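Engineer: Let me give you the structure first, and then I'll get to my questions.
In the numbering used here, the protein residues as written are -2 to 939.
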């Protein structure tokens, strides 16, 4: 599991640490917690006599003071519990912006496809009207584009194009070592400048570096917290090569156009920029906005004449005063980072499928005003089902299969309600840039450096990647004509995907492209650790294909390639003596035990397959690292480290990036990944889209929670790895209040939550809206929760409640399983009348590392799960006298209630839970009064 709103993740063999979106460790988990009041001090005070009574005025004063103090406390809680108001100016339409260049770049037009409601994601920056990029050897020389993210207010220097100070931009973190293949000149990719009071060349600076004009100076970086880095900016305490989102070199093509995907970072990934953090300005609180800054580099010098020497790079730092004059700035609006729901609100736990994560992140924001916080903890679906089976009080679980569907498990005997909530899928996402071979045709050479938009993949090709069957996957096992013992099978296999004749037959342009086929490129897929229904679906798709099944069994493909024997489904060919069984696999095993000292490194320690092909925490992380072109392989040996160790070389070099991953459609869309078209059982290559996901959903089979399986997704336009996500609840294990809250979530998910859009509360990209039949089934499930009449546990006030997991079985609703309930598929036909059943055993226990509580720790390094932002709203005050109603009413009520003990009224018992409109509540905690005040209480009062 992994926290998306509150951060870090740990990994294990079955789960990845929780993604908690929008949930809070404060709020309802602590609301209503009882504690001992100060009543135990009464005996020590002893009886009071009338002769010790305080004067009337003094008693009155004490009542006012005590009541006002308590009223202030209650008023604060009420204000915190108020429903958030939408941020002013929120746009629901397109937020794309197009701006013109300046100066010598006045004919260029730059378009950013999204500028509001931003989270941790990718946006598209495209341009036209440019001059084609030229190179000096392998270095970018003229006419390229550089992009960065900055914080701060308009510096006032360009009234026609407001923008930030250049000292507040995240830029300059290029490699400090191993720059042999790096396309920068150490100035155009850093903050280094040469001082000149009267600059004559781009890259010179009229402010910084004056202390030593004969040596380069540096443009400082100022963090949002005020810290200033004046030296060593290339690898500083705030950002470095592995964490920065800067685009040092973006190419303009032969037609004068270009496009780049830019990773936008919130304060969670880049706290030194602070984008999205709520800030208060002029009495209003809004998420901090930031800037996208584009700096074009040209072919003219400051005097307007072309560069004289094209054999060397003439460009300088984009943050130099000379280049900064050509910068184009575009404001970026962010969703609020952190808490979006009111303090003190009840919390309902939801757990499960990563496929639901982005949708839940969006829906949580819209549901905040209801007064209920819906926490979300990411957990692999098999573990989610085991947990809900073992504990019906664990709340709502997201799954693509019914309880009891896993081998060795049995569905619980009491009723389970299933509601379809999201339609998405597993995808093969990639970032691949064209690097033409020598002698490639002009049609290919003109596309150098541009991204490949689509590839076609068969089940057998994906099987080769997952089984580490390419020659260079077990890195160093085959060197020239020599193969290590046991690895003769690899000698005649393609080095990687890009040189596989099967792949080239489907994607012919790769015959003219050059790819460095290493463990960091095309020999494997980036996959996540743990068990998931996505992994199971991928193996099921492979097994549904005759050619792929034969390859795994030991048959060669049409060009002679063989499976890595450690993945052979034939026991006699598998070195372990045990056949690999993908039919029972719901993870991505790395079965090959190969370890070696990587050739050419002079290392003194070995690396193994999990070093060459590291796991990521989850599919979201896989998408992020693919966007960054960082496979996490620590391939560079650092002999000077103490102790010597392998280190990461950082992201791949621009212009020759090749990274592929297994991820979910929503994460791929969020980070702008290209996605492969996969061959379905109808023989058609289909990519993930709303229409192809919907087409696949028409073939669901089964009862309780009917599944989309690759074999049944046989319509010509059906995407084979589509998956339908259900919300599963065992109503007997939770109280009526929890059932009502979960029903509200289901109704929202089936209603407004199925409207596609980028705004909080809508259905994000990567999902297809549910059909009318599926939405009806979801609302029917919501009704079943509210109308449930079986035994319930004792109410606990908030959160998921404990209690008996027993209850009635059956029910006539199509959304109910367990007993005699009939299922309904998307076509409206009745399903099986039996509940889901399984084998013996009653279900596995959840991983001990799984946690249902949100983490309070954020992760900023990019390698962990990133925190997802949700909604740019704050508890706004009305602009009229109504703004005083809540604090005044709270104060008066508190004065009357809490002042009663001092006035001789009835005893007040704390903690006190005060109900509020909309189902919210605030709790006044038990407190211990100061000794001097306790001595003045009337007899018997505490």
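Cβ coordinates follow ideal geometry from the N, Cα and C atoms, glycine included.
Small disclaimer: the values here were computed from a predicted structure and weren't measured.
(1) Taking only three categories from DSSP, how would you classify residue 697?
(2) Nearest by alpha-carbon distance to residue 530: which of 770, 127 and 661 is it?
(3) Quick one: what's got a C-beta closer than 6 Å to residue 450's C-beta in the same chain, skipping five residues either side?
(4) Which one of 102, 306 and 765 has the shortest CA to CA distance from residue 320?
(5) Measuring straight from C-alpha to C-alpha, what distance separates residue 203 and residue 429?
(6) Hey, how far is the Cα of residue 256 from the Cα of residue 186?
(7) Out of 259, 753, 338 and 717, which one is the CA nearest neighbour of residue 367?
(8) Using 10 angstroms around the beta-carbon of residue 175, count the other beta-carbons present and answer buried if the total reaches 16, otherwise exposed.
(9) Which whole-angstrom value describes the C-beta separation of residue 768 and residue 760, a residue pair presumed to lie in contact below a C-beta threshold of 8 Å?
(10) Could you say which of 578, 519 and 625 lies nearest to residue 546 if we only look at CA atoms?
(11) So for residue 619, helix, strand or coil by DSSP?
(12) Considering only residues of the same chain and omitting the five flanking positions on each side of residue 843, which have a CB-CB separation below 6 Å?
(13) Per the DSSP calculation, residue 294 is bridged to which residue(s)?
(14) Exposed or buried, which one is residue 302 when buried takes at least 16 other CB atoms within 10 Å?
(15) Return helix, strand or coil for residue 367, following the three-state DSSP convention.
(16) I'd like to check one pair, residue 433 with residue 511: are the Cβ atoms closer than 9 Å?
(17) For residue 560, tell me which candidate among 589, 443, 583 and 541 has the shortest Cα-Cα distance.
(18) Assuming residue 350 is part of the alpha helix (DSSP H), what are its boundary residues?
(19) Am I right that residue 960 and residue 296 are in contact with their C-beta atoms under 8 Å? What's the rounded C-beta distance?
(20) Mind pulling the beta strand (DSSP E) runs of 3 or more residues that sit fully within the stretch 662 to 744?
(21) In angstroms with no decimal places, state the Cα-to-Cα distance between residue 677 and residue 240.
(22) Should residue 657 be labelled buried (16 or more other beta-carbon atoms within 10 Å of its own) or exposed?
(23) Between the Cα of residue 650 and those of 667, 628, 254 and 641, spot the shortest distance and give me the residue it belongs to.
(24) Would the beta-carbon of residue 747 fall within 9 Å of that of residue 706?
(25) Do you know whose CA, among 517, 444 and 347, lies nearest residue 471's CA?
(26) Please list, in chain order, all residues of the same chain as residue 178 whose beta carbon is under 6 Å from its beta carbon, the five residues on each side excluded.
(27) Name, in chain order, the residues that DSSP records as bridge partners for residue 247.
(28) Quick one, are the C-beta atoms of residue 259 and residue 93 less than 9 Å apart?
(29) What is the DSSP secondary structure of residue 773, reduced to helix, strand or coil?
(30) For residue 108, which residues in the same chain have their Cβ closer than 6 Å to its Cβ, ignoring the five residues on either side in sequence?
(31) Measure the CB-CB distance between residue 210 and residue 299 and report whether it falls below 9 Å.
(32) Can you tell me where the alpha helix (DSSP H) holding residue 456 begins and where it ends?
(33) Since residue 462 and residue 739 are thought to touch, with beta carbons under 8 Å apart, how far apart are those beta carbons, to the nearest angstrom?
(34) My output table needs one value for residue 505: the three-state DSSP class, helix, strand or coil.
(35) Residue 780 by DSSP, collapsed to three states: which one?
(36) Expressed to the nearest angstrom, what Euclidean distance is found between the alpha-carbon atoms of residue 659 and residue 440?
Structural biologist: So, from the listed chains and residues:
(1) coil
(2) 661
(3) 671
(4) 102
(5) 40 Å
(6) 19 Å
(7) 338
(8) exposed
(9) The Cβ separation is near 13 Å, so there is no contact.
(10) 578
(11) helix
(12) Here residue 843 scores only 37 on pLDDT, less than 50, and its place in the model is too uncertain to base an answer on.
(13) 141
(14) exposed
(15) helix
(16) yes
(17) 589
(18) Where residue 350 is concerned, there is no enclosing alpha helix (DSSP H), given that its DSSP letter is neither H nor E.
(19) There is simply no residue 960 to check, as the chain begins at -2 and stops at 939 in what is shown.
(20) 674 to 676 and 719 to 726
(21) 38 Å
(22) buried
(23) 628
(24) no
(25) 517
(26) 650
(27) 142
(28) no
(29) helix
(30) 95 and 123
(31) no
(32) 456 to 463
(33) About 40 Å; that fails the 8 Å criterion.
(34) helix
(35) helix
(36) 31 Å
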